[in-house]
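Chains A and B supply the protein sequences, listed in that same order. Here this note's numbering is used: the first residue of the first sequence is 5, the next is one more, and so on. Here this note's numbering is used: the first residue of the second sequence is 790, the next is one more, and so on. We put the beta carbon where it would ideally sit given N, CA and C, even for glycine. Structure first, commentary second.
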Amino acid sequence: GAVVSQHPSWVICKSGTSVKIECRSLDFQATTMFWYRQFPKQSLMLMATSNEGSKATYEQGVEKDKFLINHASLTLSTLTVTSAHPEDSSFYICSARVGANPNQPQHFGDGTRLSIL
Amino acid sequence: AQSVTQPDIHITVSEGASLELRCNYSYGATPYLFWYVQSPGQGLQLLLKYFSGDTLVQGIKGFEAEFKRSQSSFNLRKPSVHWSDAAEYFCAVGPSGTYKYIFGTGTRLKVLA
Chain A
5 GAVVSQHPSW VICKSGTSVK IECRSLDFQA TTMFWYRQFP KQSLMLMATS
55 NEGSKATYEQ GVEKDKFLIN HASLTLSTLT VTSAHPEDSS FYICSARVGA
105 NPNQPQHFGD GTRLSIL
Chain B
790 AQSVTQPDIH ITVSEGASLE LRCNYSYGAT PYLFWYVQSP GQGLQLLLKY
840 FSGDTLVQGI KGFEAEFKRS QSSFNLRKPS VHWSDAAEYF CAVGPSGTYK
890 YIFGTGTRLK VLA
């Protein structure tokens with residue numbers, strides 16, 4: 005149980021294009037999803053917290069206009085990297101928490117490797 | 790400020806040997822504690838978690854971790870390592886009452902045949 009699916013797993017695109025990454029909770033409802041960014045051989049940095057039906061909460065230093073987050077249903081959150089540039093190349097990982105109980109751990113997707121040429 | 794420290798960036802052990810990965814945290818109260826494992830190019834898989842109660846926690850894949858309040862530590866152990874355990878291991882702290890995790894910098898485990 006508690007499976008999180010992330011799509012696509014790898015995307016390569018030209019500089020200036022926008023890229024959408026999907027995060028789905030397959031067998032549970034996730035009122036809260038999280039988006040992380042991971043640089044090579046580094047830890048995960050929380051970018052934003054996505055709440056179903058409301059605006060995402062961004063961490064300090066994360067450009068909300070660059071990284072658009074939509075959480076339109078209890079099983080889907082999307083991250084759109086707008087006008088992507090090479091410095092946006094990274095590994096993006098989403099996670100979801102089962103229900104609203106803070107005792108529940110976060111379950112992670114397999115990540116999306118984004119390469120901007 | 791809240792923080793998580795994993796002092797060992799790399800650890801190499803022989804297959805069959807025992808393993809201990811260190812994790813220290815800085816937080817005023819007892820936080821929620823987690824260990825995750827990440828294989829190359831993949832997401833994170835939860836190994837085990839601690840919220841309260843018994844300070845020795847059993848997880849998946851034969852892993853266990855012990856919470857020691859006096860040392861602010863939550864070290865991960867495995868009595869006999871398998872080659873498939875080679876991966877990156879992250880300790881995370883979730884301060885009680887919030888949902889945000891603070892991750893350590895990770896420990897990369899290499900297993901020698």
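- Between G832 (chain B) and Q10 (chain A), the gap from beta carbon to beta carbon is short of 8 Å.
- About 15 Å separates the Cβ atoms of L50 (chain A) and E67 (chain A), ruling out a contact at the 8 Å cut-off.
- E809 (chain B) is bridged by DSSP to B:R866.
- Per DSSP, the unbroken beta strand (DSSP E) holding A876 (chain B) starts and ends at A876 to G883.
- Contacts between S47 (chain A) and chain B, judged by CB atoms closer than 7 Å, involve F879, F892, G893, T894 and G895 in chain order.
- Contacts between L833 (chain B) and chain A, judged by CB atoms closer than 8 Å, involve L48, I97, S99 and F112 in chain order.
- Taking a C-beta distance under 8 Å as the contact criterion, S99 (chain A) and I73 (chain A) do not qualify as a contact pair.
- Under a 10 Å Cβ-count criterion, R858 (chain B) is classified as exposed, with fewer than 16 other Cβ atoms of the shown protein chains found around its own Cβ.
- Taking 8 Å as the cut-off, the Cβ atoms of Y816 (chain B) and V882 (chain B) count as close.
- For R28 (chain A), the enclosing beta strand (DSSP E) covers residues V23 to S29.
- Proximity of chain B to Q10 (chain A) at the Cβ level (cut-off 8 Å) is accounted for by G832, in chain order.
- What P109 (chain A) touches in chain B, judged by beta-carbon distance under 7 Å, is F823, L835 and K838, going in chain order.
- For R117 (chain A), the closest Cβ of chain B is nearer than 8 Å.
- The beta-carbon separation of F38 (chain A) and Q110 (chain A), rounded to 6 Å, stays under the 8 Å limit for a contact.
- Look at I849 (chain B) here: in three-state DSSP terms it is helix.
- The stretch 797–813 of chain B makes contact with the stretch 864–882 of chain B, as at least three CB pairs between them are under 8 Å.
- Using beta-carbon distances, T36 (chain A) counts as an interface residue toward chain B, with a partner under 8 Å.
- Rounded to whole angstroms, the separation of the alpha carbons of C27 (chain A) and T21 (chain A) is 20 Å.
- Not one beta carbon of chain A lies nearer than 8 Å to the beta carbon of Y816 (chain B).
- Bridge pairing for A902 (chain B): absent [DSSP].
- The residue from A:S119, A:W14 and A:L80 with its alpha-carbon nearest to that of A88 (chain A) is A:S119.
- By DSSP's assignment, S119 (chain A) forms a beta bridge with A:I16.
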